[in-house]
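Start counting at 1 in the sequence shown, then tack on 534, and there's your number in our numbering. Every residue, glycine too, gets a C-beta built ideally from N, C-alpha and C. Step one of this worksheet: look at the structure below.
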Amino acid sequence: MNPVAREVYSVKFQMVLAIIPVVDLWAAYRIERLRFWILFWIGIVMVGMVLGVIGDPVIETVLGLLIGIPTALFLMRYFTIDWNKKIEEEIRQDSEKKKFEQEEMKEEQHQLDLKENYEADEEYEESKD
Numbered sequence: 535m536n537p538v539a540r541e542v543y544s545v546k547f548q549m550v551l552a553i554i555p556v557v558d559l560w561a562a563y564r565i566e567r568l569r570f571w572i573l574f575w576i577g578i579v580m581v582g583m584v585l586g587v588i589g590d591p592v593i594e595t596v597l598g599l600l601i602g603i604p605t606a607l608f609l610m611r612y613f614t615i616d617w618n619k620k621i622e623e624e625i626r627q628d629s630e631k632k633k634f635e636q637e638e639m640k641e642e643q644h645q646l647d648l649k650e651n652y653e654a655d656e657e658y659e660e661s662k663d
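This is the structure:
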């Protein structure tokens, strides 16, 4: 299985995708919440089926939409914001790690330069004698 692209996504765009059937699955996959998203919609369908047995199928559909769509929008917004925070934190940590590694490399190079200068000074002193 290919890993998901580790990038920050637009919350508004993700929310638009959340209300489009089938495309909402892709939106959930992008933020690594596909399994939860499928279970969420299975739950909404099951609630709708129970309401359909009890009463009018039109009420079942209307209640399913009135509950499902706002909840889907809220969840997609929440999960996308959470995802973006996680990715931004990873990016920040990576940049700090690279900065630290660069500083270490500069320090090592500085130590090597000092050693070479010291050895060159010793050779110069020996050649003067």
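Mapping DSSP to helix, strand and coil, what is Asp-628? helix
At least 3 beta-carbon pairs within less than 8 Å: the stretch 537-553 vs the stretch 601-614: yes
Can you look up Gly-598 in the DSSP assignment and give me helix, strand or coil? helix
What residue range is occupied by the uninterrupted alpha helix (DSSP H) comprising Val-550? 545-552
Would you say Glu-637 touches the ligand FAD, meaning its beta carbon is less than 8 Å from a heavy atom? Ligands displayed in this structure: none; no statement on the ligand FAD is therefore possible.
Count the other C-beta atoms from every protein chain shown that fall within 10 angstroms of the C-beta of Arg-626, then say buried if there are 16 or more, exposed otherwise. exposed
Leaving out the 5 sequence neighbours to the left and right, which residues in its chain are closer than 6 Å to Gly-586 when beta-carbon positions are compared? Glu-594
Would Thr-605 and Ile-588 qualify as a contact pair, given that the criterion is a beta-carbon distance under 9 Å? no
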